[in-house]
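Residue numbers (this note's numbering): 12 to 377.
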């Protein structure tokens, strides 16, 4: 049995008629960039996140970059970032010329909030970028209060957490801005690229609207340096279609996650599902604690099961960050997790027989 890590082909086959209809509608009206579909998606995102504004852009990376710029981050400013995440959580900071300040993780996989608070109380920090990893939303109410007390900006990177809930807390509730990604691997991914910034600030909204189209203002005057980061109308419509399917898809992801967890054996730690939360399981990352992660990965692949590692090394160990001479001993949890984490296939199109095969195959080695 062959089980790829992701099956966009299967998703397309199930929803082919709707997707082709979306494409036909856009091609028929002819406005393929920043059309009415983009406005509709922005309104939907604002509604979901109880936010005043959302601005669609071409990628999640641009979303974070523009959020940083619009909130006034400048070269040499210090910005706290996770040590366990994708490179795009830190590269926009480097692009600005600001300085990334890495923090250790917890065994819940997120950045250590206690460590963040300690740093912002004792160092000259301008901004915190907090990534909600793997589909779990962390309630940042307390962190946001501490940030405000210390005149620190808080940006939530929600690229992996669209639709996640923590009690009454949703993405963007307690931050200066939140960002989203619609990369094809995301839960509501485009068939291309896309991102968005969520904010309650009129100023941030206006700045990002200018940034996404060459610095042009509402009077069609180019008032500052900008970029070409428009979202295509087709991608916006596809993303909104997928958002409407998210309740159904999340239910299936949770069902698969719980089935995995109920069969996890010794040597493996499953991700924890906290009470009163909706974990959307963008990734299902297990910890291989007393068995060799890479050996398990290769053996599963031999059986036809594709797994992935998120992430194979800490962010600070990438060559782009060598200039900061990070002391790896200060990040014991991240160092441990990058040697243990293994992501299993989890998507709504997985068949029950395929989930059972993953479980049965894992049981051979654990």
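Glycine included, each C-beta is placed from N, C-alpha and C at the ideal position. What you are looking at is a predicted structure, and each value in this text was computed from that prediction instead of being measured.
- Assignment of residue 65 by DSSP, reduced to helix, strand and coil, places it in the strand class.
- In the DSSP assignment, residue 24 forms no beta bridge with any residue.
- Residue 369: member of the alpha helix (DSSP H) spanning 363-374, first to last residue.
- Considered as a whole, the stretch 131-216 harbours 152-160 as its complete alpha helix (DSSP H) runs of no fewer than 4 residues, in chain order.
- Apart from the 5 residues on each side of it in sequence, residue 86 sits with its Cβ closer than 8 Å to the Cβ of 107, 108 and 109 in its chain, given in chain order.
- If you check the CB distance, residue 71 and residue 175 do not come in under 8 Å.
- Annotation: residue 250 to residue 286 spans about 29 Å, alpha carbon to alpha carbon.
- Residue 221 and residue 227 have their C-alpha atoms roughly 5 Å apart.
- If the five residues before and after residue 337 are omitted, its C-beta is found closer than 8 Å to the C-beta atoms of 113, 327 and 328, all from its own chain and listed in chain order.
- Between the C-alpha atoms of residue 280 and residue 265 there is a straight-line separation of about 17 Å.
- Among the bridge pairs identified by DSSP, residue 113 is matched with 92.
- The three-state secondary structure of residue 295, taken from DSSP, is strand.
- Residue pairing by DSSP puts residue 280 in a beta bridge opposite 298.
- Using a 10 angstroms sphere on the CB of residue 236, the tally of other CB atoms stays under 16, which defines it as exposed.
- By the Cβ-count criterion, residue 372 is buried, with 16 or more other Cβ atoms from all chains shown falling within 10 Å of its own Cβ.
- Counting along the chain, residue 51 sits inside no beta strand (DSSP E); it lies in the alpha helix (DSSP H) bounded by residues 47-59.
- Note that the C-beta distance between residue 245 and residue 37 is below 8 Å.
- Counting C-beta pairs closer than 8 Å gives three or more between the stretch 118-137 and the stretch 90-98, which meets the contact rule.
- Three or more pairs of CB atoms, one per stretch, sit closer than 8 Å, so the stretch 316-326 contacts the stretch 347-359.
- Under the three-state reduction of DSSP output, residue 70 falls in the coil class, being neither helix nor strand.
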